[in-house]
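Below is one structure, written out as structure tokens; comments come after it.
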Amino acid sequence: MINEDDIRRVREGNDIVQLIGERLVLTRRGREFWGCCPFHNEKTPSFKVDPASQLYHCFGCGEGGDIFKYLIKTENLEFPEAVRYLAQKANIAITDQQDEAGKGKRTRLYEVCEKTAEFYHRQLMRSPSHQAEVARTYLSKRGFGKDVPKEWMLGFAPGNNRLVRYLSEQKYTEDEMLEANVALKAESGSLRDRFYNRIMFPIRDLQGRTIAFGGRIIDKGEPKYINTAESKLFKKREQLFAIDKAKAAITSNGTAVVVEGYTDTIALHMVGFNNTVATLGTALTAQHLKLLTRFAQRVIYLFDGDEAGKRAADKASELIGALITPEAGPRRVDLFVAVLPQGDDPADFCAKRGQGALQEVFDSAQPLLRFALDRKLGRWDLSVPEQRAKALDEAVRLLLPVSESLLVTDYLNYLADRFLVDYQTVNAVLQKAKKSKGEQSSPLTEQTLLAESGKVPLDKLSRLERELLILYINQPPLRAILRQGFTAVSWTHTLHADIAEKLQLMDTTSSAQSMISSLAFQIPEAIAVISGSKLDDYGEDVEEVAHLLLFSHKEEQLLQAIRTKNAELRITDREGRDDDILFAQTAELQRQLSELRKKYNESRR
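Taken in order, the sequence shown gives residues 4 to 608; the numbers are from the numbering used here.
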């Protein structure tokens with residue numbers, strides 16, 4: 004546990020501009036610094052870093068926060084890890100109330116995985132056993148000799164509970180081994196090694212920390228590959244093999260290549276495709292795409308040329324949706340599919356044909372939707388009328404998830420050409436399919452896309468409330484006026500009300516940075532609220548701005564209430580009945596609005 008005072012000292016002892024500037028090119032504009040957002044691809048900088056508040060905010064994707072949030076997002080750290088990292092960076096001693104047994108459960112699990120990786124690697128490189136020699140021979144025949152095992156920390160799991168004994172000697176508990184999933188409980192109740200007689204591939208996160216393992220059997224048997232089960236560190240639908248090694252190349256290349264095997268990934272890296280990663284026993288998911296698009300917007304999904312590879316390619320059609328459309332804006336993924344010739348996997352293809360041939364495969368990759376349509380149509384004989392009808396019906400159903408996008412027009416024209424009919428005919432089939440589906444697909448509007456990502460546009464009342472909170476933090480002379488005004492504010496959001504309450508409990512002479520630091524500790528969600536506002540665009544008469552914001556908030560609440568009552572009155576009018584109570588309530592609200600405006604205008608004279 005790290006205490007609040009230490010967190011404050013660490014926050015104030017680091018500069019967010021310097022930290023972010025270590026990886027991003029930031030340009031000064033007035034008091035602030037701007038650059039291209041690290042959380043989505045963009046060409047025009049919309050990412051602001053404010054040295055005064057020590058906050059960042061992207062006006063493109065909506066991400067925002069403080070120096071700790073930035074590290075948590077970019078390095079996938081836990082909050083205590085981010086604090087410790089920055090404390091060490093600034094040479095600040097902190098009182099970290101963790102005993103040896105409680106270094107933090109998560110930290111201990113990372114250590115178990117790292118010690119396990121080291122153990123497996125030593126077995127592969129040094130063990131004189133016959134099975135270890137078989138493993139070395141297998142890797143050498145696959146072209147993974149020399150420095151490859153060292154570079155990728157490949158290993159060998161000997162079994163016979165040797166790992167359990169080793170980790171026990173290192174003072175790790177049975178529970179820790181079980182949680183890290185490097186050991187299992189035998190029927191007898193004793194602990195045994197999770198992997199045995201397998202070549203081991205350590206799976207690492209973005210920071211290069213070992214979080215899981217994949218193991219390939221070296222004898223005949225099934226399953227050929229097994230992975231660590233999901234744990235507190237490892238989620239297979241979110242993690243990608245080699246992402247730690249590939250992220251820099253993905254960023255510089257602008258493209259990520261996704262394959263489905265450890266050896267395929269290593270083989271592609273060996274011939275120069277360092278932007279390659281692999282899924283881990285699952286198909287590519289939306290979570291994987293979210294991770295990849297932090298580094299590049301273009302993703303090529305590469306499949307084997309055998310039937311299993313083609314089936315996996317067909318499954319990729321499940322990714323057709325809002326994220327591949329132009330309407331997704333900065334969240335868009337340009338997802339392409341490439342399939343190798345029959346019978347080849349990426350590793351074999353690289354060995355036989357080399358880098359140039361593989362680059363040609365990548366160059367011929369098709370957009371996911373085009374690929375899925377062609378695969379679907381390829382199963383039917385379009386010269387047979389009955390099959391043509393079924394093929395067209397299946398094809399347009401692939402378009403349903405993007406039916407409200409501008410993208411659909413191009414693909415309807417493509418289908419019209421394939422079926423030798425006009426656009427209207429194909430569109431009619433699509434509209435029929437939409438109707439039969441019950442119009443379940445929602446329009447791909449900006450509102451929809453923002454809602455999917457949790458970045459719902461703010462209504463007027465929310466914007467006004469945030470401006471009031473920001474003004475309170477950044478203008479100490481106005482705090483007395485605002486404290487009095489806050490007593491009459493009916494906050495529409497619980498979070499805003501909580502922030503206001505905490506601010507009013509703080510010393511009114513506190514600096515803005517001190518208030519932000521305290522808020523971040525008490526209400527971490529508050530940082531996103533504060534970071535998105537422009538803090539110094541109020542002009543010279545900031546006191547007038549304070550009064551205007553308080554007035555505007557109350558005015559908007561009354562206007563919204565009046566609009567609601569008027570809508571209810573219209574309903575009663577259509578139904579041919581009178582509602583005197585409703586009419587009186589509306590009149591009272593209008594009177595309050597008139598009185599509010601009158602008082603405000605008189606006070607400003």
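Ideal Cβ placement from N, Cα and C applies to all residues, glycine included.
Subject >> Residues that DSSP places opposite Tyr228 in a beta bridge >> reply: Arg219
Original post:
Is Asp18 helix, strand or coil when you go by DSSP?
Top reply: coil
**OP:** Decide if Arg600 is buried, meaning its Cβ has at least 16 other Cβ atoms within 10 Å, or exposed.
**Re:** exposed
**OP:** Using three-state DSSP, classify Val260 as helix, strand or coil.
**Re:** strand
Original post:
If you follow the alpha helix (DSSP H) that Ala398 is part of, which residue opens it and which one closes it?
Top reply: 388-402
**OP:** Rounded to whole angstroms, what's the CA-CA distance from Gln390 to Asp384? Just pull it up for me.
**Re:** 6 Å
Original post:
Counting Cβ pairs, one atom from each stretch, are 3 or more of them under 8 Å apart for the segment 581-597 and the segment 552-563?
Top reply: yes
Subject >> Cα-Cα separation, Asp102 to Arg111 >> reply: Low local confidence applies: a pLDDT of 44 at Asp102 is under 50, so the model's placement there is unreliable, and no value is given.
Original post:
Could you give the distance in angstroms between the alpha-carbon of Glu3 and the alpha-carbon of Leu592?
Top reply: The structure shown does not extend to residue 3, since the chain is modelled only from 4 to 608, so the question has no answer here.
Original post:
Should Val336 and Ala319 be called a contact, given that it needs their Cβ atoms to be closer than 8 Å?
Top reply: no
Original post:
Any idea which residues DSSP pairs Gln369 with across the strands?
Top reply: According to DSSP, which records beta bridges pairwise, Gln369 is partnered with Val340.
Original post:
Can you tell which of Ser534, Ser130, Ile214 has its C-alpha closest to the C-alpha of Glu179?
Top reply: Ile214
Original post:
For the alpha helix (DSSP H) that Lys188 lies in, which residues bound it at each end?
Top reply: No alpha helix (DSSP H) holds Lys188; the beta strand (DSSP E) holding it covers 186-188.
Original post:
Around the C-beta of Val13, are 16 or more other C-beta atoms found within 10 angstroms, so that it is buried, or is it exposed?
Top reply: buried
Subject >> Test: Leu58 CB closer than 8 Å to a CB of chain D >> reply: Protein chains in the displayed structure number just one, and chain D is not present.
Original post:
Can you name, in chain order, every residue of its own chain whose Cβ lies under 7 Å from the Cβ of Leu433, other than the five neighbours on each side?
Top reply: Val399, Leu402, Ser406, Leu415
Original post:
Taking the Cβ atom as the reference point for each residue, do Val261 and Val280 lie within a distance shorter than 8 Å?
Top reply: yes
Original post:
Taking only runs of the beta strand (DSSP E) that begin and end inside the segment 242-328, which ones reach a length of at least 3 residues, in chain order?
Top reply: 258-262, 279-281, 301-306
Subject >> First and last residue of the uninterrupted alpha helix (DSSP H) at Cys116 >> reply: Cys116 -> alpha helix (DSSP H) spans 108-129.
**OP:** Using DSSP bridges, identify the partner residues of Ile202.
**Re:** Phe159, Arg219
Original post:
Thinking C-beta only, is Ile476 closer than 8 Å to Lys72?
Top reply: no
Original post:
Among Leu305, Ala316, Leu372, Lys355, which residue has its Cα nearest to the Cα of Leu326?
Top reply: Leu372
Subject >> Cα-Cα separation, Ala350 to Glu190 >> reply: 39 Å
Original post:
What whole-angstrom Cβ distance do Leu127 and Pro152 have, given they're in contact under 8 Å?
Top reply: Between Pro152 and Leu127 the Cβ distance is about 6 Å, and since that is below 8 Å, they are a contact.
Original post:
At which residues does the beta strand (DSSP E) containing Gly38 begin and terminate?
Top reply: 35-38
Original post:
What's the call for Gln478, buried or exposed, on a 16-neighbour Cβ count within 10 Å?
Top reply: buried
Original post:
Three or more beta-carbon pairs under 8 Å between the segment 284-291 and the segment 353-367, yes or no?
Top reply: no
Subject >> Cβ-Cβ distance between Glu605 and Leu585 below 8 Å >> reply: no
Subject >> the segment 83-92 in contact with the segment 136-150 per 3-pair CB rule at 8 Å >> reply: no
Subject >> CB-CB length for Ser132 against Pro161, believed under 8 Å >> reply: 7 Å
Original post:
What three-state label does DSSP hand Lys72 in the structure shown?
Top reply: helix
Subject >> Top-ranked residue by Cα proximity to His496, from Lys227, Gln516, Arg469, Asp510 >> reply: Nearest C-alpha to His496 among Lys227, Gln516, Arg469, Asp510: Arg469.
**OP:** Can you have a look at Arg34 and say buried or exposed, based on whether 16 or more other CB atoms are within 10 angstroms of its CB?
**Re:** exposed
Subject >> Through-space distance from Glu45 to Gln516, alpha-carbon basis >> reply: 30 Å
Original post:
Can Leu467 and Val532 be called in contact, C-beta distance under 8 Å?
Top reply: no
Original post:
Between which two residues does the alpha helix (DSSP H) containing Asp150 stretch?
Top reply: Counting along the chain, Asp150 falls outside any alpha helix (DSSP H), and DSSP gives it neither H nor E.
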